[in-house]
Amino acid sequence: MIWIDVWLDVLFAKRSPAMRFLILIEPADPADAPALTRYHEELVDAGVLLAGDLSAGFWLLEVDSPATAAEWARRAPCDDVEIREIAESR
Numbered sequence: 021m022i023w024i025d026v027w028l029d030v031l032f033a034k035r036s037p038a039m040r041f042l043i044l045i046e047p048a049d050p051a052d053a054p055a056l057t058r059y060h061e062e063l064v065d066a067g068v069l070l071a072g073d074l075s076a077g078f079w080l081l082e083v084d085s086p087a088t089a090a091e092w093a094r095r096a097p098c099d100d101v102e103i104r105e106i107a108e109s110r
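Numbering (this note's numbering), first residue to last: 21 to 110.
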């Protein structure tokens, strides 16, 4: 069993600690749907999206830093964007 613990330590030591952020926008105008869909697909392709709902206007991201989360928020195709860090309870 010791080798499993060592392997897990090595595996997780190489990963940077992930942080979760919620990106919120005002409910979108139906005319914005194509741009929001492209943004959603970019999040999926980048592997940072944990959950999201285009009609409700939110995305839950897992990224390595607040700066990365802010960069994704800046890319959102709308004017009013809010970003919140989600703390995990342990």
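For each residue, glycine too, the CB sits at the ideal point set by N, CA and C.
Legend entry - Where Ile43 falls, given that 16 or more other Cβ within 10 Å makes a residue buried: Counting from 1 along the sequence shown, the entry for residue 43 is found at position 23. So Ile43 counts as buried.
Inset, instruction - Assess, as a yes-or-no matter, whether the region 82 to 94 is touched by the region 48 to 56 under the definition of 3 or more beta carbon pairs within less than 8 Å. - result: They do not touch, by the three-pair rule.
Inset, instruction - Spatial neighbours of Tyr59 within its chain, please: CB distance less than 7 Å, with the 5 preceding and 5 following residues excluded, ordered by chain position. - result: The residue labelled residue 59 in the question sits at position 39 within the sequence shown. Sequence-distant partners of Tyr59 (beyond 5 residues in either direction) whose C-beta falls short of 7 Å from its own C-beta, in its chain, are Arg95, Ala96 and Pro97.
Legend entry - Cβ neighbours of Asp52 in the same chain (closer than 8 Å, five flanking residues each side left out): In the sequence shown, the residue the question calls residue 52 occupies position 32. Hits under 8 Å: Pro97 and Cys98.
Legend entry - For Ala71, the first and last residue of its enclosing alpha helix (DSSP H): In the sequence shown, residue 71 corresponds to position 51, counting from 1. Note, Ala71: premise wrong, no alpha helix (DSSP H); beta strand (DSSP E) at Leu69 to Asp73.
Inset, instruction - Measure the C-alpha to C-alpha separation of Trp79 and Asp73 and round it to an integer number of angstroms. - result: Along the sequence shown, one-based indexing puts residue 79 at 59. Along the sequence shown, one-based indexing puts residue 73 at 53. Answer to the nearest angstrom: the Cα atoms are 7 Å apart.
Inset, instruction - Go ahead and pull the three-state DSSP assignment for Glu108. - result: In the sequence shown, counting from the first residue as 1, residue 108 sits at position 88. Secondary structure of Glu108 (DSSP, three-state): coil.
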